[in-house]
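Numbering (the numbering used here), first residue to last: 28 to 255. One structure is given below, encoded as structure tokens.
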């Protein structure tokens with residue numbers, strides 16, 4: 028069944044952290060901001076040495092993932108998963124997971140539409156469909172009502188999957204954490220929720236990263252992880 032069209036709910040400013048807290052302990056706008064900042068530093072350091080041209084973008088992505096895991100896995104009992112070479116971080120209750128990915132130009136902007144830079148495959152399509160199933164109870168209670176009640180997913184087939192999208196512009200980095208609602212032609216075509224993270228200003232000496240160079244090259248897909 029195709030999901031119905033819904034209005035994307037935006038969380039920003041003071042509303043961001045309360046929503047992030049419902050996803051899992053220790054997940055805050057500040058934690059995401061600091062992790063991406065470490066990714067920026069790793070990219071800048073890589074630019075100072077004769078690494079292959081694709082490495083600075085990979086370094087930015089990898090250090091962002093590692094910094095988030097340092098905070099969440101070590102301090103708050105999240106789990107890191109590399110099953111099938113998909114880098115996911117899973118909440119302690121197993122109800123949510125996220126991946127870090129490159130986002131398009133509208134990433135982190137309230138108006139406009141952001142999506143992943145690279146096209147995704149059939150496994151991502153399955154994850155988006157699984158997200159839709161997780162959005163409602165058996166009696167079709169809207170997911171928004173679950174959020175307002177502070178309830179977690181009751182589905183035992185697997186976690187809901189969120190994206191932390193990162194976009195390097197010329198002078199700053201824009202970031203958001205969003206949950207996909209629909210999938211069309213290899214890309215997320217609708218978001219149920221978008222949590223906007225404050226922009227990160229780049230130092231004067233820093234250079235932007237082509238969005239296609241952030242993270243591993245080629246198709247990056249997501250596997251469905253059974254809930255624990």
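Cβ atoms here follow ideal geometry from the backbone N, Cα and C, with glycine treated the same way. For clarity, every value in this text was computed on a predicted model and none was experimentally measured.
Open item on the list: Which of the three DSSP states is assigned to residue 138 in this structure?
Closed with: Reduced to three states, the DSSP call for residue 138 is coil.
Open item on the list: Only counting the same chain, and skipping five residues up and downstream in sequence, which positions put a Cβ closer than 7 Å to that of residue 52?
Closed with: Correct list, in chain order: 103 and 119.
Open item on the list: Quick check on residue 88: does DSSP put it in helix, strand or coil?
Closed with: Helix, per DSSP.
- [ ] Determine the contact status of residue 127 and residue 190, defining contact as a CB-CB distance below 9 Å.
- [x] For the pair residue 127 and residue 190, the CB atoms are nearer than the 9 Å cut-off.
Open item on the list: Runs of 4 residues minimum, wholly inside the region 48–124: which ones carry the alpha helix (DSSP H) assignment?
Closed with: Those alpha helix (DSSP H) runs which fall completely within the region 48–124 and span 4+ residues are 56–74 and 82–103.
Task: Between the CA atoms of residue 34 and residue 99 - distance to the nearest angstrom - done: Straight-line Cα distance between these residues: approximately 30 Å.
Open item on the list: Let me make sure I understand the geometry here. Which of 130, 135, 139 and 187 has the alpha-carbon closest to that of residue 152?
Closed with: Restricting attention to 130, 135, 139 and 187, the CA atom closest to the CA of residue 152 is found in 187.
Task: Three-state class that DSSP yields for residue 229 in the structure shown - done: Residue state, collapsed to three classes: coil.
Task: residue 203, enclosing beta strand (DSSP E) - first and last residue - done: That run of the beta strand (DSSP E) goes 199–211.
TODO: Would you mind stating whether residue 203 and residue 135 have Cβ atoms separated by less than 9 Å?
DONE: Taking 9 Å as the Cβ cut-off, residue 203 and residue 135 qualify as a contacting pair.
Open item on the list: Quick check on residue 42: does DSSP put it in helix, strand or coil?
Closed with: Collapsing the DSSP output to three states places residue 42 in a helix.
- [ ] Look at the alpha carbon of residue 209 and the alpha carbon of residue 156, and state the distance between them as a whole number of angstroms.
- [x] C-alpha separation (whole angstroms): 7 Å.
Open item on the list: Measuring alpha carbon to alpha carbon, tell me which residue in 117, 192, 197 and 229 is nearest residue 220.
Closed with: Selected option, being the one with the closest Cα: 192.
Task: Beta-carbon contacts of residue 72 that lie in its chain and below 8 Å, excluding the five residues immediately before and after - done: Taken in chain order, the residues that qualify are 86.
- [ ] Out of 76, 131, 101 and 89, point me to the one whose CA is closest to residue 113's CA.
- [x] Comparing alpha-carbon positions, the option among 76, 131, 101 and 89 lying closest to residue 113 turns out to be 89.
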